[in-house]
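One structure is given below, encoded as structure tokens.
Numbering (this note's numbering), first residue to last: 4 to 293.
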């Protein structure tokens, strides 16, 4: 008997991590106009960013169906327990679909053990929770222990997004074009934060790219400590070299035990736009006021 982890494609898990821990991915649905795709299946990141660059409207995302999850759950051997960690319910209906898929499984196989957890984050934050759960399983923790410790970690995962361009927040209606034009003229950079409900909110507005990046890096030290036993995860939006440099700077400033770099897929990449960065790490609870 083993424990199988299943997550969705918004986790942006690198292939080597998927293969190392045998993690299964359920893809989100992406729509460009009248074209429909499954993220990571028939739409890779290169083509996603190319299509986004060429369109005046942002792509739309839709959660996997309950049946998508049900079909994936049925492939797991009957003696294995199933842990599902999904994208924030504040951003998508993915969690609800996974819950319904689990109910469908239990109707057919009432003795199965399955738990669905709302990560209240996405991309590197969801990746962080998935990797920590996989490490606990590898260390011999029981299903109940892994579930409990993962649930306790959810509110402690802090996620910050640094935008390189305001184009997508303008397209998405989060900033009107007049204010966006002024911000561009003044070289104002906007950083976002995932709040306690797992929704994306404006965190800071900083003038100048260098200052904005420094504040992005400083936020790690302000919201966390005891780095030696923690992982930091950084995802980049089609800017790998920039991501490598920033992750190296993070690791030189803070003694995390591990740093993971990944590329943002369609969901968070749509929010960030090209050149954006997202960092996630465990720190103070998001329930605390700042």
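The C-beta atom is built at its ideal place from N, Cα and C for all residues, glycine as well. If you're wondering where the values come from, they're calculated on a predicted model, not measured in any experiment.
For residue 262, the enclosing beta strand (DSSP E) has its first and last residue at 261-266. Secondary structure remark: continuous beta strand (DSSP E) runs of at least 3 residues inside the stretch 44-113, in chain order: 63-65, 84-89. A contact is defined here as three or more CB-CB pairs under 8 Å, and the stretch 224-235 fails this definition with respect to the stretch 108-124.
Residue 122: not part of any beta strand (DSSP E); DSSP gives it neither H nor E.
The DSSP-derived three-state label of residue 238 is strand. In this structure, the straight-line span from the alpha carbon of residue 107 to that of residue 98 is close to 14 Å.
It is roughly 27 Å from the alpha-carbon of residue 140 to the alpha-carbon of residue 95.
If you look at residue 156, you'll find it in the alpha helix (DSSP H) that goes 146-157. For the options 278, 73, 261, the alpha carbon positioned closest to that of residue 164 is the one of 278.
Counting only residues of its own chain and dropping the five nearest sequence neighbours on each side, residue 261 has a CB closer than 6 Å to the CB of 234. Here residue 194 is bridged, per DSSP, to 165, 207. With at least 16 other beta carbons inside 10 angstroms of its own, residue 52 counts as buried. Straight-line spacing of the CA atoms in residue 104 and residue 59 works out to 35 Å. Rounded to the nearest angstrom, the gap between the Cα atoms of residue 73 and residue 66 is 14 Å.
Nearest to residue 194 by C-alpha distance, out of 202, 201, 206, 200, is 206.
The stretch 80-93 and the stretch 124-131 touch, with no fewer than 3 CB-CB distances between them shorter than 8 Å. Around residue 71, the same chain offers 29 as residues with beta carbons nearer than 6 Å, after the five sequence neighbours per side are excluded. Between residue 289 and residue 198, the CB-CB gap stays under 8 Å.
Going by DSSP, residue 223 is part of no beta strand (DSSP E) but of the alpha helix (DSSP H) stretching over 212-226. By the Cβ-count criterion, residue 250 is buried, with 16 or more other Cβ atoms from all chains shown falling within 10 Å of its own Cβ. About 6 Å separates the Cβ atoms of residue 247 and residue 264, confirming a contact at the 8 Å cut-off.
DSSP places residue 288 in the coil class of the three-state scheme, outside both helix and strand. In the three-state scheme derived from DSSP, where H, G and I count as helix and E and B as strand, residue 42 is classed as strand.
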